[in-house]
Each structure stands twice: as C-alpha cells, then as structure tokens.
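Right, one structure below, let's go through it.
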Amino acid sequence: MKRSSSHRALVYARSAAMGCIVLLLLVAGVLSSWSSAHHIVLAKGREHGTMTVTGCGADVCTGPFAPSGQAAARPRVTIEKSVAARRGDSFPVVVKPGTDDVVRTGTPGFLHAWVPLGGALLLAALVIGGGLRLPRIAWGTGVAGATLLVATFIAL
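Here the sequence shown is numbered in the working numbering, starting from 1340 and rising by one per residue.
Structural data, given as structure tokens:
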C-alpha cells in the first residue's frame, strides 16, 4: 500500500513536534540545574568554607559559615532545605556572590545541583521512546537520568 504525501507530512510533523518537546525538556532541565550548578562549577574566586546546620525551617536551613580562605566568617547563612541537611551536620559550601545564601560543594553538592536535569532526562526518555519511537536512545536517556538521580541519593 502506497503512503500519501499528506500521511508522510503528518509523520514528519509529529516527529518534529516530539523533537521540539524533547529539546524543551532538556533545555529546561539544564537551565534549572545551572542556576545552582554554576556556583559549584565556576567556584574560582568565590568564598569557600564550611556550614554547620543549626536549624531548618520549611524551605531553608541556617547556620554559621566558617571560611576556609581569606573570606570573613558569617554568623548566619542559608541553604536550600534538603533531606540530607539535619541539625548538627557540617558540609563544604560556596557563598553565592552578594548574598548570605550558600550552595553545597563537593561531589554531593555537584550531583544535587544536577537533579533537575536527571528528571528532565527521564521525562525526555518517555517522549523519545513513545513519540519518536527510538527505543535504544530512549533507554540510554532514561538510564542516564536514573543513574544521576540514584547517584545523588547515594551521595547525599
């Protein structure tokens, strides 16, 4: 049975739409991750030190900042609340420029910053497998996202 040109156009349009959705998911994941990750990846020249959690609220945890270099000690800095931050915990951080907000550094902080990308990879895998009908690429994308999320869970 011969396919009509309109059917072929519809197939190409569907593939293009699914490709755009995958691209949108991945770009959103990278941009969401980059808002925290760039403080870790591009940390040269920033204030490094250690934060000890003294208390946690609904959204943030607070505690004193002890610098590891020439930076000044701060009596209170805040970090985004995480399941891995409990009262009394100490971990390495970098201060966001011009604020009293800090971001966790090291391998756990790096992986935690990229969690939104891991979720985006999992969602993109569904679209790649179901919409684009590329199962091998979908499996690779899904495994990459799941690996990132599991590694973050283990590291924290």
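Cβ coordinates follow ideal geometry from the N, Cα and C atoms, glycine included. For clarity, every value in this text was computed on a predicted model and none was experimentally measured.
Contact defined as beta carbons within less than 8 Å: I believe residue i pairs with residue j. What is the distance between those atoms, to the nearest angstrom?
| i | j | result |
| --- | --- | --- |
| Asp1398 | Lys1420 | 6 Å |
| Ala1477 | Ala1464 | 5 Å |
| Val1433 | Val1416 | Their Cβ separation, rounded to whole angstroms, is 11 Å, which puts Val1433 and Val1416 out of contact at 8 Å. |
| Ser1429 | Thr1391 | 5 Å |
Ordered along the chain, which non-local residues of its own chain (more than five positions away) have a Cβ less than 8 Å from that of residue i?
| i | result |
| --- | --- |
| Gly1408 | Glu1386, His1387, Gly1388 |
| Ala1376 | Phe1449, Ala1452, Trp1453 |
| Ser1372 | Ala1452, Trp1453, Val1454, Pro1455, Leu1456 |
| Arg1353 | Gly1470 |
| Leu1349 | none |
| Pro1447 | Ala1423, Phe1430, Thr1491, Ala1494, Leu1495 |
May I ask you to report which of helix, strand or coil DSSP gives residue i?
| i | result |
| --- | --- |
| Val1392 | coil |
| Thr1480 | helix |
| Thr1401 | strand |
| Ser1375 | helix |
| Ser1345 | helix |
For residue i, which residues from the same chain have a beta carbon less than 6 Å from its beta carbon, with the 5 sequence-adjacent residues on both sides left out?
| i | result |
| --- | --- |
| Ile1360 | Val1466 |
| Gly1484 | Gly1457, Leu1460, Leu1461 |
| Leu1364 | Ala1459, Leu1462, Ala1463 |
| Cys1395 | Lys1420 |
| Ile1418 | Cys1400, Val1441 |
In angstroms with no decimal places, state the Cα-to-Cα distance between residue i and residue j.
| i | j | result |
| --- | --- | --- |
| Ala1424 | Ser1343 | 60 Å |
| Val1445 | Gly1402 | With the sequence shown as reference, residue 1445 is identified as Gly, and Val is not the correct amino acid for it. Cα to Cα, Gly1445 sits roughly 19 Å from Gly1402. |
| Ala1356 | Val1369 | 20 Å |
| Arg1443 | Leu1362 | 28 Å |
| Arg1488 | Val1366 | Per the sequence shown, residue 1488 should be read as Leu rather than Arg. Rounded to the nearest angstrom, the two C-alpha atoms are 18 Å apart. |
| Ser1345 | Val1482 | 36 Å |
| Pro1414 | Val1380 | 26 Å |
| Pro1431 | Ala1382 | 12 Å |
| Pro1474 | Arg1347 | 21 Å |
| Leu1486 | Tyr1351 | It should be pointed out that residue 1486 corresponds to Thr in this sequence rather than to Leu. Cα-Cα distance, rounded: 32 Å. |
| Cys1400 | Arg1472 | 44 Å |
| Gly1427 | Gly1358 | 47 Å |
Beta-carbon within less than 7 Å of residue i's beta-carbon, same chain only, minus the 5 sequence neighbours each way: which residues are those?
| i | result |
| --- | --- |
| Thr1480 | Leu1460, Ala1463, Ala1464, Ile1467 |
| Pro1436 | Arg1385 |
| Ala1405 | Gly1388, Thr1389, Ala1412 |
Which ranges does the beta strand (DSSP E) cover as unbroken runs of at least 3 residues, wholly within the segment 1402-1487, from first to last along the chain? Entirely contained in the segment 1402-1487, the beta strand (DSSP E) runs reaching 3 residues are, in chain order, 1413-1419, 1429-1434, 1441-1443.
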